[in-house]
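Residue numbers (the numbering used here): 120 to 421. Note that beta-carbon positions come from the ideal geometry of N, C-alpha and C, so glycine has one too. Down below is the structure, laid out as structure tokens.
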Amino acid sequence: MKTIFSSKFLPFFLAIPFIGIYFVVRSLPVEPCDFLHEETYNLEGEIDYCGPGDAGFVDLSIRRWPMSLDFRALDPLEVGKPCRFEMNIKQADGSPLAASDVALSHTRKIHLLAIDPSLQDYQHLHPEADPLFKGIWRFTLTPKKAGNYQVFLDLIPIRSPRRVLLGTSFKVSGKSEAPYLKEGSTLVSQGNRTFKIKRLENEGSGSEIMIKFTAVNEQGDDLPLRPVMGAFAHMVAFEPNLKGFAHLHPLEYEPPKSGDDARSGPLTFSFKSPDSGVYRLWAQVKVGDDKEECFLPFDLKI
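Okay, here's the thing in structure tokens:
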């Protein structure tokens with residue numbers, strides 16, 4: 120007796136491989152740290168992407184992420200005056216990016232980096248999601264310089280837990296200044312405190328370099344560094360044309376045990392530069408019992 124294969128079953132057999140792929144994909148980890156880093160929890164017990172992070176410079180003039188960003192100022196943009204901003208962020212499928220769609224990354228949902236054309240005013244802010252309207256995020260910024268500020272957003276969507284970078288800009292009225300970079304400006308003094316960066320020779324490979332950051336008092340003793348967004352220091356590197364940035368974290372990553380935890384001694388940062396030249400590096404730290412974080416500008420020739 121000859122069995123005749125009915126064509127009506129053909130779609131079912133063709134679908135079997137795709138069904139298998141579906142269940143394989145579903146079994147993959149969905150938490151941000153499973154993709155990006157070892158699993159880390161913050162002081163509140165929530166999973167949080169923390170650690171050294173990406174050392175590479177990202178040029179947003181040539182790289183794009185499938186998200187849309189509608190960005191606007193709600194107040195006049197003038198030097199020294201606070202300005203409210205509103206952002207409407209949509210995901211690749213057109214759905215609004217709500218707070219529940221974004222993973223924690225160094226204790227925050229979104230990191231916003233803003234810098235003026237002279238590279239002298241760098242601000243690191245954290246937009247907050249509107250509690251009623253999904254996809255709407257707001258923040259307030261007080262520009263210190265005139266000119267066309269570049270803005271970079273750094274976030275991790277939960278749906279596809281990989282880092283997303285978005286770029287935009289806003290213009291502050293007045294005459295802007297040209298980029299101010301001083302080769303070899305690797306030391307910043309503030310009162311009786313001295314902060315310094317130094318390139319470690321013969322360390323790193325290819326375009327990667329190692330940078331040592333130190334913070335000492337007038338006696339040369341190491342200053343205690345307090346936690347800043349889940350790490351004991353942060354550093355951001357910009358090139359003069361502000362096409363992109365690199366967001367760096369210490370290689371000696373130690374999750375703070377509490378908000379009052381402290382670490383003393385040098386910290387090492389890894390940085391992969393796309394081209395040779397002078398880069399502006401802004402370090403963000405909190406020292407001892409200071410209530411406010413401080414931002415320290417360095418210029419390093421690579």
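Pick out whichever of Ser392, Gly339, Arg257 and Leu244 has its Cα sitting closest to the Cα of Leu419. Here residue 419 refers to the residue found at position 300 of the sequence shown. Looking at the Cα atoms, Ser392 is the closest of the given residues.
Near Ile208, which residues of its chain fall below 6 angstroms by C-beta distance, leaving aside the five closest residues on each side in sequence? Residue mapping note: residue 208 aligns to position 89 of the sequence shown, counting from 1. Contacts found: Leu188, Leu216 and Gly254.
Check whether the Cβ atoms of Ile234 and Leu274 sit closer than 7 angstroms, and answer yes or no. Here residue 234 refers to the residue found at position 115 of the sequence shown. Here residue 274 refers to the residue found at position 155 of the sequence shown. In this structure, Leu274 does not lie closer than 7 angstroms to Ile234 by Cβ.
Could you give the C-beta distance for Glu197 and Ser292, rounded to a whole number, given that I count them as a contact under 8 angstroms? The count along the sequence shown starts at 1 and reaches residue 197 at position 78. The count along the sequence shown starts at 1 and reaches residue 292 at position 173. That pair is a contact at about 6 angstroms.
Out of His353, Gln242, Asp240 and Gly286, state which residue places its alpha-carbon closest to the alpha-carbon of Phe388. As a working mapping, residue 388 is identified with position 269 in the sequence shown. Taking only the C-alpha atoms, the option nearest Phe388 is His353.
Measuring CB to CB, does Phe381 end up less than 7 angstroms from Arg345? Within the sequence shown, residue 381 is the residue found at index 262, counting from 1. Within the sequence shown, residue 345 is the residue found at index 226, counting from 1. In the sequence on display, residue 381 carries Ala and not Phe. In contact: Ala381 and Arg345 (Cβ atoms closer than 7 angstroms).
My output table needs one value for Asp194: the three-state DSSP class, helix, strand or coil. As a working mapping, residue 194 is identified with position 75 in the sequence shown. If DSSP states are grouped into helix, strand and coil, Asp194 belongs with coil.
Leaving aside the five residues before and after Leu342 along the sequence, list all residues of the same chain whose C-beta is less than 8 angstroms from its C-beta, in chain order. Along the sequence shown, one-based indexing puts residue 342 at 223. So the qualifying residues of the chain are Arg312, Ala334, Val335, Asn336, Ser383, Val406 and Gly407.
Please determine, among Ala218, Asn267 and Leu386, the residue with the shortest C-alpha to C-alpha distance to Val404. Along the sequence shown, read from residue 1 onward, the residue named residue 404 stands at position 285. Looking at the Cα atoms, Leu386 is the closest of the given residues.
Does the Cβ of Thr94 have 16 or more other Cβ atoms within 10 Å, making it buried, or fewer, making it exposed? Look at the range of the chain in this structure, 120 to 421, and you will see that residue 94 is not part of it.
Look at Tyr268 and Phe289 and say whether their C-beta atoms are less than 7 angstroms apart. For this step, residue 268 is matched to residue 149 along the sequence shown. For this step, residue 289 is matched to residue 170 along the sequence shown. Result yes, Cβ atoms of Tyr268 and Phe289 sit closer than 7 angstroms.
Note down, one range per segment and in chain order, each beta strand (DSSP E) of at least 3 residues found wholly within the segment 247 to 281. 255 to 260 and 266 to 274
Backbone secondary structure at Ala218 - three-state DSSP: What you label residue 218 is simply residue 99 of the sequence shown in a count that begins at 1. If DSSP states are grouped into helix, strand and coil, Ala218 belongs with the helices.
In terms of alpha-carbon separation, which member of Pro236, Gly213 and His243 lies closest to His225? Locating residue 225 in the sequence shown gives position 106, where the first residue counts as 1. Answer by Cα proximity: His243.
Among Lys264, Leu370, Arg399 and Pro236, nearest to Leu306 - alpha-carbon criterion: Stepping through the sequence shown from its first residue, residue 306 is reached at position 187. Considering only alpha carbons, the answer is Arg399.
Neighbourhood of Glu205 by C-beta, 7 angstroms cutoff - its chain only, sequence neighbours within 5 removed: Taking the first residue of the sequence shown as 1, we reach residue 205 at position 86. So the list reads Arg191, Leu193, Ile255 and Arg257, once near-sequence residues are dropped.
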